[in-house]
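If you count by the UniProt record's numbering, then the sequence shown holds residues 1 to 247, one letter each, in order.
Yeah, the Cβ is synthetic: ideal placement off N, Cα and C, and Gly gets one too.
Have a look at the structure below, then the notes.
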Amino acid sequence: MNEPLPDDDPNSATRKLGETFATVIGQKEWSLDNSEALLQGKIEEVEVPELPVPIDILPIPAAKSKSWLPPEEEIPPTPRQILEALLFVADQPLEIEAICEVIRGISPPTVLEEIAQLNRLYEKQYRPYRIVPRKTGYRMELLPQFKEVEQKLNEQNRELQLPQPALEILSLIAYRQPVEKSDIDRIRGMETGMILRQLMKFGLVSSLNKVAEGQRSAIFSTTAKFLDMFGLRSLDDLPKMGEPERR
1 MNEPLPDDDP NSATRKLGET FATVIGQKEW SLDNSEALLQ GKIEEVEVPE LPVPIDILPI
61 PAAKSKSWLP PEEEIPPTPR QILEALLFVA DQPLEIEAIC EVIRGISPPT VLEEIAQLNR
121 LYEKQYRPYR IVPRKTGYRM ELLPQFKEVE QKLNEQNREL QLPQPALEIL SLIAYRQPVE
181 KSDIDRIRGM ETGMILRQLM KFGLVSSLNK VAEGQRSAIF STTAKFLDMF GLRSLDDLPK
241 MGEPERR
């Protein structure tokens with residue numbers, strides 16, 4: 001079990017989390033008139049001096065259109081890739097039925113076959129982990145001979161020190177959860193995907209996909225490891241901070 005973040009005062013970590021949340025909310029309006037402008041950097045036009053062109057060389061006229069270029073198509077992930085990603089980020093075993101609900105058009109026998117194929121691939125590539133069955137579902141675990149590495153990582157996590165931007169976003173998720181990524185981006189006035197991935201890598205937050213009106217969005221919540229790291233029994237133990245009304 002992880003110990004709370006080290007500090008002279010055992011409650012200072014949770015108090016700092018609450019103070020950070022209040023500061024972040026206080027600094028930003030709930031809705032912005034032009035939030036898209038915050039995501040776009042200014043582009044400065046720079047004049048490029050023309051090089052002297054020999055008389056016997058004619059410049060090639062610029063193409064008026066790029067219709068000759070093939071359209072860029074985004075290749076969707078395969079069901080196996082989605083399954084592997086789910087097992088990789090999950091902080092608890094996943095039931096077969098739950099996996100089938102997330103991955104459209106996949107059946108329980110297909111899930112089991114994909115798990116077997118992934119394990120064969122891991123063995124062939126000498127990966128240090130396997131997908132193993134547990135009482136409540138399937139999860140990705142390290143092989144027994146690598147447990148010592150896992151223990152050392154857990155010891156390092158006890159001394160985890162989050163940078164201020166990550167702490168600010170973590171505080172937003174803790175107090176607003178479940179919260180959509182678009183709301184986090186809007187409140188912070190920036191693209192937060194990289195920081196969210198770091199928090200997920202640390203096991204402090206988890207995400208689920210929400211589909212509404214044909215649009216898919218990621219929803220973030222804190223994990224049991226978050227409670228453990230900050231010495232909380234439940235989210236009710238979070239400091240009660242004054243918070244401005246949503247606009």
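No residue range can be given for A90, since it is assigned to no alpha helix (DSSP H) and is classified by DSSP as neither H nor E. Taking 8 Å as the cut-off, the Cβ atoms of L199 and L227 do not count as close. The alpha-carbon of E95 is positioned some 37 Å away from that of G189. Exposed is the label assigned to T136, since fewer than 16 other Cβ atoms lie within 10 Å of its Cβ. Judged by their CB atoms, F146 and V179 are not nearer to each other than the 8 Å cut-off. Here M190 carries a coil assignment [DSSP, helix/strand/coil]. According to the DSSP secondary-structure assignment, P133 is paired through a beta bridge with Y138.
Of the residues assessed, Y138 falls on the buried side of the cut-off, its CB having 16 or more other CB atoms within 10 angstroms. Ranked by Cα distance from Y129, the options I173, I184, L167, L142 are led by L142. Residue pairing by DSSP places I219 opposite E180, L208 in a beta bridge. Between the alpha carbons of K124 and R233 lies a distance of about 42 Å. With a cutoff of 8 Å on beta-carbon distance, T222 and I173 are scored as near each other. Distance between T192 and N119, taken at the CA atoms: about 33 Å.
Its Cα nearest to that of K225, the residue D91 stands out among L112, I75, G105, D91. Excluding five sequence positions before and after I99, the CB atoms of its chain that fall closer than 6 Å to its own CB belong to V111, given in chain order. Residue state for I169 is assigned as helix, using DSSP reduced to three classes.
In summary, S207 is buried, with 16 or more beta-carbon neighbours lying within 10 Å of its beta-carbon over all protein chains present.
The shortest C-alpha to C-alpha distance from R134 to any of Q164, P165, L87, L162 is the one to L87.
DSSP places P108 inside the alpha helix (DSSP H), whose first and last residues are 108 to 124. R80 sits away from E101, with the two beta carbons spaced by 8 Å or more.
One thing to note: I195 has its Cβ no nearer than 8 Å to the Cβ of A218. Of all alpha-carbon atoms in E84, K210, R197, S107, the one lying nearest the alpha-carbon of Y122 is that of E84. Here the C-alpha atom of I103 lies approximately 10 Å from the C-alpha atom of E97.
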